[in-house]
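First to last, the protein sequences are chains A and B. With the first sequence counted from 1, adding 30 to any position gets you the numbering used here. With the second sequence counted from 1, adding 30 to any position gets you the numbering used here. Glycine included, C-beta positions come from ideal geometry on N, C-alpha and C. Given the structure is predicted, the values throughout are model-derived calculations rather than measurements. Following: one structure in structure tokens, then a few remarks.
Number of protein chains: 2
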Amino acid sequence: MASDTKLTLAKLAELAGVSTSTASRALKDNPLIKKETRLKIQALAKSHNFSINAAASRLRTQKTHVIAVILNLIDNTEQSTTDPFLLKLVGELNQALNAKGYELLLSNSFMASDDWANYFIHSQRADGILVIGQGKSTAKIDLAAKSGVPIVVWGDAKTQAPYPIVGGNNFQGGYQGTSHLLSRGAKRVLFLGDSEHAEMQERHKGYTQAHAEAGLTPDPSCTCAIDITSKAAYQYINERIKSNGLDFDGIVCVSDMVALGALKALKERYVGIPSDVGIVGYDDISLAELMHPSLTTIRQNTQQAAELMVAQLINQLENKPTESQVVETSLIVRRSTKHD
Amino acid sequence: MASDTKLTLAKLAELAGVSTSTASRALKDNPLIKKETRLKIQALAKSHNFSINAAASRLRTQKTHVIAVILNLIDNTEQSTTDPFLLKLVGELNQALNAKGYELLLSNSFMASDDWANYFIHSQRADGILVIGQGKSTAKIDLAAKSGVPIVVWGDAKTQAPYPIVGGNNFQGGYQGTSHLLSRGAKRVLFLGDSEHAEMQERHKGYTQAHAEAGLTPDPSCTCAIDITSKAAYQYINERIKSNGLDFDGIVCVSDMVALGALKALKERYVGIPSDVGIVGYDDISLAELMHPSLTTIRQNTQQAAELMVAQLINQLENKPTESQVVETSLIVRRSTKHD
DNA sequence: GGATAAAATGCAATCGTTTGCAAATTTTTT
DNA sequence: AAAAAATTTGCAAACGATTGCATTTTATCC
Numbered sequence: 031m032a033s034d035t036k037l038t039l040a041k042l043a044e045l046a047g048v049s050t051s052t053a054s055r056a057l058k059d060n061p062l063i064k065k066e067t068r069l070k071i072q073a074l075a076k077s078h079n080f081s082i083n084a085a086a087s088r089l090r091t092q093k094t095h096v097i098a099v100i101l102n103l104i105d106n107t108e109q110s111t112t113d114p115f116l117l118k119l120v121g122e123l124n125q126a127l128n129a130k131g132y133e134l135l136l137s138n139s140f141m142a143s144d145d146w147a148n149y150f151i152h153s154q155r156a157d158g159i160l161v162i163g164q165g166k167s168t169a170k171i172d173l174a175a176k177s178g179v180p181i182v183v184w185g186d187a188k189t190q191a192p193y194p195i196v197g198g199n200n201f202q203g204g205y206q207g208t209s210h211l212l213s214r215g216a217k218r219v220l221f222l223g224d225s226e227h228a229e230m231q232e233r234h235k236g237y238t239q240a241h242a243e244a245g246l247t248p249d250p251s252c253t254c255a256i257d258i259t260s261k262a263a264y265q266y267i268n269e270r271i272k273s274n275g276l277d278f279d280g281i282v283c284v285s286d287m288v289a290l291g292a293l294k295a296l297k298e299r300y301v302g303i304p305s306d307v308g309i310v311g312y313d314d315i316s317l318a319e320l321m322h323p324s325l326t327t328i329r330q331n332t333q334q335a336a337e338l339m340v341a342q343l344i345n346q347l348e349n350k351p352t353e354s355q356v357v358e359t360s361l362i363v364r365r366s367t368k369h370d
Numbered sequence: 031m032a033s034d035t036k037l038t039l040a041k042l043a044e045l046a047g048v049s050t051s052t053a054s055r056a057l058k059d060n061p062l063i064k065k066e067t068r069l070k071i072q073a074l075a076k077s078h079n080f081s082i083n084a085a086a087s088r089l090r091t092q093k094t095h096v097i098a099v100i101l102n103l104i105d106n107t108e109q110s111t112t113d114p115f116l117l118k119l120v121g122e123l124n125q126a127l128n129a130k131g132y133e134l135l136l137s138n139s140f141m142a143s144d145d146w147a148n149y150f151i152h153s154q155r156a157d158g159i160l161v162i163g164q165g166k167s168t169a170k171i172d173l174a175a176k177s178g179v180p181i182v183v184w185g186d187a188k189t190q191a192p193y194p195i196v197g198g199n200n201f202q203g204g205y206q207g208t209s210h211l212l213s214r215g216a217k218r219v220l221f222l223g224d225s226e227h228a229e230m231q232e233r234h235k236g237y238t239q240a241h242a243e244a245g246l247t248p249d250p251s252c253t254c255a256i257d258i259t260s261k262a263a264y265q266y267i268n269e270r271i272k273s274n275g276l277d278f279d280g281i282v283c284v285s286d287m288v289a290l291g292a293l294k295a296l297k298e299r300y301v302g303i304p305s306d307v308g309i310v311g312y313d314d315i316s317l318a319e320l321m322h323p324s325l326t327t328i329r330q331n332t333q334q335a336a337e338l339m340v341a342q343l344i345n346q347l348e349n350k351p352t353e354s355q356v357v358e359t360s361l362i363v364r365r366s367t368k369h370d
């Protein structure tokens with residue numbers, strides 16, 4: 031069927047009896063070329079299964095139409111490869127990027143060299159960078175941003191930075207979850223998560239604010255710093271109960287995975303949910319509603335998040351102004367906090 | 031700090047006082063170049079944050095060192111963006127590819143044009159293709175394979191095909207789950223999944239075989255064709271119980287997500303697990319052990335799977351012989367089938 | 001020290017597209 | 001019918017790295 035020798039634009043042009051420049055323009059529907067010529071060449075290309083050599087095109091145009099997406103993992107906690115939320119976001123970014131004519135080069139902070147600007151942009155592997163997660167340190171992000179490459183970060187949008195950050199409204203999320211529990215009578219609500227992340231700190235502020243509005247001051251021992259994994263949550267809750275007894279009646283978690291770990295520990299000790307302890311997750315991963323009891327959680331609109339990130343990145347590519355943006359969060363009330 | 035003009039190999043060479051050819055060789059540690067020259071140029075490159083232009087390099091060498099990973103989604107069921115197993119595999123592939131010096135271009139069957147060979151390979155966007163999932167039809171895969179591009183598929187390894195397929199031992203998995211339930215006294219075991227996939231058919235054979243060995247013949251009404259989503263499973267179980275009553279005492283599911291949906295339906299109807307119905311999932315996603323009761327499931331070693339896929343792909347890139355390979359599966363017994 | 005071998009470096013063509021500009025063709029105008 | 005304008009097309013120079021081959025430099029040998 032197909033000819034055995036590699037088909038280049040030059041050969042295609044020869045077949046069509048035109049010059050390569052005409053062929054090139056015809057394929058991108060340049061109105062400079064007469065319409066019938068365009069159509070003829072496009073048809074010929076289709077019938078020969080021709081496609082432009084991307085390497086050559088990129089070299090010539092200095093554009094790759096590729097965006098690097100970096101999962102900014104935290105140390106060695108296996109959060110990322112396991113966390114459905116992050117991977118979901120990757121999926122959404124893939125959609126959003128494709129819709130704008132870009133492809134997605136996947137990487138993560140362990141793999142990529144430390145100098146992202148050089149590795150991805152100056153080497154012409156990609157036109158821009160999307161970072162998922164601020165991590166515990168923004169050193170690499172800052173470094174990349176300083177060299178002026180197009181970059182957008184998913185994280186805490188309130189953080190002041192020389193690059194746009196798209197993120198959920200973490201303060202509001204923390205506030206919503208906490209005040210929901212307090213309004214249902216909880217008196218001692220745990221905040222379960224890692225306080226080193228900017229995002230988590232914001233949520234914690236919301237947690238504090240909710241308490242203040244209820245005329246309460248949260249006990250410092252209720253703020254529990256743990257790794258953002260279900261295993262860590264499971265262990266923490268187990269041990270806390272073992273040593274302190276059940277000294278709390280509500281938990282606000284920084285992710286659904288964390289909530290699930292906590293939930294498991296509580297169930298194993300026959301703690302009633304939500305009767306004894308109400309529990310609120312974060313992210314609304316698909317499993318949240320499948321749990322038993324189903325999990326009350328804070329939903330972040332990942333599709334919107336992905337679209338905003340891509341939009342901000344494209345702004346940078348086009349030298350338009352950019353800004354950090356916030357994705358609204360909503361409280362999804364389910365059985366883990368709701369009595370029948 | 032950095033010079034403002036783009037640094038090319040030629041300029042770097044000039045700075046070092048050598049020719050571009052020498053610089054090029056030095057950077058790849060070619061022993062043709064005197065050791066001290068090599069080191070000097072490498073140091074210079076590092077200090078100037080130089081990195082080779084990938085587009086130019088790819089054009090010249092005709093190699094991209096990029097592999098396209100295609101999530102071969104099924105119709106419009108949202109299986110993929112939601113299914114943790116598939117995304118986990120993507121993560122593992124990323125690791126495995128990076129370890130071999132390749133990068134990962136993520137795509138899915140909705141996005142990519144239909145002619146994968148042309149779009150990814152002939153256009154020099156990637157050197158090879160990894161497909162996750164055979165889908166309901168292998169048309170696109172066959173088409174790509176026919177044009178001779180390096181390609182490896184995650185699916186049912188027993189399928190005869192002109193390309194290597196890496197997959198779990200689906201027959202064994204189906205057999206293990208079923209006979210586990212039967213050995214614990216189940217008499218009517220449902221098979222919950224989609225029978226149009228080759229993988230699922232193999233598992234169903236294992237299901238049948240397990241019955242045969244126990245001297246049983248499964249009732250055809252126990253083979254339930256549903257979409258591979260938790261929602262579909264939830265609905266199916268709900269409706270079945272509504273119309274038939276509880277006419278089964280075990281369920282073998284084709285994925286953990288399906289199992290979770292079924293579990294939810296059973297719990298809502300206060301069916302005892304495992305006392306009334308035992309349930310077995312597939313994949314051992316991270317949530318399986320967090321469920322309550324924790325979920326008995328069939329584990330597939332995704333890391334090994336990713337490594338095998340990459341190895342087979344590299345074989346093709348190097349014109350070495352390839353073969354389909356099987357990842358062993360193991361039964362992980364948890365509370366959803368185990369009485370205390 | 002001169003001839004020969006070995007080691008190190010440089011020349012220049014090449015990969016396949018794109019695009020500014022010039023050239024050729026067609027259409028319009030006078 | 002010739003000149004001017006508008007429309008189409010083609011020429012040729014980039015883009016930046018790689019590599020076979022030729023050339024220069026250094027080491028070895030008699």
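Straight-line measurement puts the Cα of L42(B) at about 29 Å from the Cα of D157(B). Within the same chain, A240, E243 and A244 come within 8 Å of S209(B) by CB-CB distance, once the 5 residues on both sides are set aside. For the 8 Å CB-CB criterion, E122(B) and L135(A) do not form a contact. Annotation: the continuous alpha helix (DSSP H) that includes R55(B) extends over T50 to L57. For Y193(A), no chain B residue has a Cβ inside 8 Å of its Cβ, as the nearest lies near 18 Å away. At least 8 Å separates the CB of A40(A) from every CB of chain B. Rounded to whole angstroms, the separation of the alpha carbons of I100(A) and G165(A) is 11 Å. By DSSP's assignment, E133(B) forms a beta bridge with V96(B). Nearest neighbour of S81(A) by Cα position, chosen from L37(B), K118(B), Y149(B) and L74(B), turns out to be Y149(B). At a C-beta separation below 7 Å, Y149(B) has these neighbours in chain A: S81. In terms of beta-carbon proximity, H234(B) stays away from the interface with chain A, with every pair separated by 8 Å or more. Under the three-state reduction of DSSP output, S177(B) falls in the coil class, being neither helix nor strand. Nearest C-alpha to K297(A) among P61(A), M230(A), N268(A) and P248(A): N268(A). The Cβ atoms of V301(B) and V196(B) lie no closer than 8 Å to each other. One alpha carbon belongs to L293(B), the other to I309(B), and they sit about 8 Å apart. Residue pairing by DSSP places T327(A) opposite I362(A) in a beta bridge.
Residue pairing of G158(B) in beta bridges, as defined by DSSP: I97(B). When CB distances to chain B are screened at a threshold of 9 Å, the residues of the stretch 286-300 of chain A falling below it are M287, L290, G291, L293, K294, K297 and E298, in chain order.
About 20 Å separates the Cβ atoms of A142(B) and V340(B), ruling out a contact at the 8 Å cut-off.
Taking a Cβ-Cβ cut-off of 7 Å, T327(A) has no neighbours in chain B, whose nearest Cβ is about 14 Å from it. Counting of Cβ neighbours within 10 angstroms places G47(B) among the exposed residues, the total staying below 16.
Burial is judged here by how many other beta carbons sit within 10 angstroms of a residue's own beta carbon; G198(A) has at least 16 and is buried. Taking a cut-off of 8 Å for Cβ pairs, the stretch 279-292 of chain B and the stretch 308-325 of chain B touch, as three or more such pairs fall below it. Chain order gives no chain B residues near R365(A), where near means a beta carbon separation below 7 Å; the closest approach is about 10 Å. Here DSSP, grouped into helix, strand and coil, assigns Q355(A) to strand. Per DSSP, V301(B) lies in no beta strand (DSSP E) and is assigned neither H nor E. L119(B) has its alpha-carbon roughly 7 Å from the corresponding atom of A336(B). Per DSSP, the beta-bridge partners of F221(A) are T253(A) and V282(A). In this structure the stretch 182-193 of chain A lies against the stretch 338-353 of chain A, because at least three pairs of beta carbons, one per stretch, are closer than 8 Å.
No Cβ of chain A is located within less than 8 Å of the beta carbon of E358(B). Distances from the alpha-carbon of L317(B) to those of S153(B), S77(B), S360(B) and D286(B) put D286(B) closest. Annotation for R299(A): I271 place their beta carbon closer than 7 Å to its own, counting only its chain and skipping 5 residues before and after. A check of alpha carbon separations from G236(B) across S324(B), T38(B) and G203(B) identifies G203(B) as the nearest. A Cβ-Cβ separation of about 18 Å leaves C252(A) out of contact with F201(A) under the 8 Å criterion.
Sequence-distant partners of H95(B) (beyond 5 residues in either direction) whose C-beta falls short of 7 Å from its own C-beta, in its chain, are G131, Y132, E133 and D157.
If you draw a 10 Å sphere on the C-beta of L211(A), you find 16 or more other C-beta atoms in it, and that means buried.
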